[in-house]
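To start, the structure under review is shown below, and the notes come after it.
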Amino acid sequence: RYIASCGFLSFLNVAVLFILTQALISGGSYFLAYWVNIAQTKAPSPEQSNSSNVSQILEYNEDTKNMHIFTYSIITIACTVIVCIRSYAFCSMLLKSSQTLHNNMFKNVIGGTMHFFNTNPQGRIINRFSQDMGTVDAVLPPVAIDTIQLLVSAFASVTLIAIVNYWLLIPTVVIGSLCYGLRAFCIPTMR
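The following block contains the structure:
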């Protein structure tokens, strides 16, 4: 109900922004690894010490380095801008969701039968109403953003693992299954 109360289009917008943010973060990490590998392979070795060869390598490295700095700067700036837009859209979505839930709860309380109001004191109704709204406003937003970020980050990690070395998906599936099994065991035990 929490997600449904914010509207499908708003939720889809925020989901796309979360995915775009993670794509930029993962792309930046991937580009940085690529840049380090290029820099290591293009660095002159001690055997290549004649002056014409070194000047060609240094000239190539300077141009390439500037291009890499520019590319990485663009990725970082784009990531920063998208994170700000995502945060604003997420807060707007939560505000809309909270208002919709508050209005629905208020309509349901007002539309209650006289028997409900006769058997429950006004203080209990108001306390329960404010407690539920406090939970919606204070507890759910941080849990929601953490959950979404962890899910998108986990998906991005598995995608990068598949791109780099698809054989590493086997231990990833095994470890993921173990974590899910531990979760299925621990949550009922802790309650």
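Going by the UniProt record's numbering, 129 is the number at position 129 of the sequence shown; the sequence numbering is gapless.
Note that CB positions come from ideal geometry on N, CA and C, so glycine has one too.
Bear in mind that the values here come from a model prediction, so they are computed numbers and not experimental data.
Out of curiosity, what's the CA-to-CA distance linking residue i and residue j?
i: residue 150; j: residue 172; result: 16 Å
i: residue 97; j: residue 187; result: 28 Å
i: residue 129; j: residue 165; result: 52 Å
i: residue 83; j: residue 28; result: 14 Å
i: residue 170; j: residue 159; result: 13 Å
i: residue 111; j: residue 191; result: 35 Å
i: residue 144; j: residue 39; result: 40 Å
i: residue 68; j: residue 33; result: 11 Å
i: residue 7; j: residue 99; result: 12 Å
i: residue 134; j: residue 118; result: 25 Å
Less than 8 Å separating the beta-carbons of residue i and residue j?
i: residue 86; j: residue 136; result: no
i: residue 78; j: residue 17; result: no
i: residue 74; j: residue 24; result: no
i: residue 125; j: residue 109; result: yes
i: residue 114; j: residue 132; result: no
Within the continuous alpha helix (DSSP H) that includes residue i, where are the two ends?
i: residue 161; result: 140-164
i: residue 2; result: Run containing residue 2: none; DSSP gives neither H nor E here.
i: residue 12; result: 8-42
i: residue 128; result: 122-134
i: residue 189; result: 169-190
i: residue 119; result: 114-119
Since residue i contacts residue j with CB under 8 Å, what's their CB separation in whole angstroms?
i: residue 31; j: residue 71; result: 7 Å
i: residue 101; j: residue 5; result: 5 Å
i: residue 94; j: residue 141; result: 5 Å
i: residue 175; j: residue 168; result: Incorrect: roughly 10 Å between the Cβ atoms, too far for contact.
Quick one: residues in its chain with C-beta nearer than 6 Å to the C-beta of residue i, no 5 flanking neighbours on either side, listed in chain order?
i: residue 3; result: 11
i: residue 148; result: 18
i: residue 1; result: none
i: residue 184; result: none
i: residue 180; result: none
Excluding five sequence neighbours on each side, which residues of the same chain lie with their C-beta closer than 7 Å to the C-beta of residue i?
i: residue 22; result: 152, 153, 156
i: residue 26; result: 156, 160
Residues in its own chain within less than 8 Å of residue i by CB, not counting five upstream and five downstream?
i: residue 192; result: With the chain covering only 1 through 191, there is no way to say anything about residue 192.
Just checking: is the beta-carbon of residue i within a distance shorter than 8 Å of some beta-carbon in chain C?
i: residue 136; result: Looking for chain C here will not work: only one protein chain is present.
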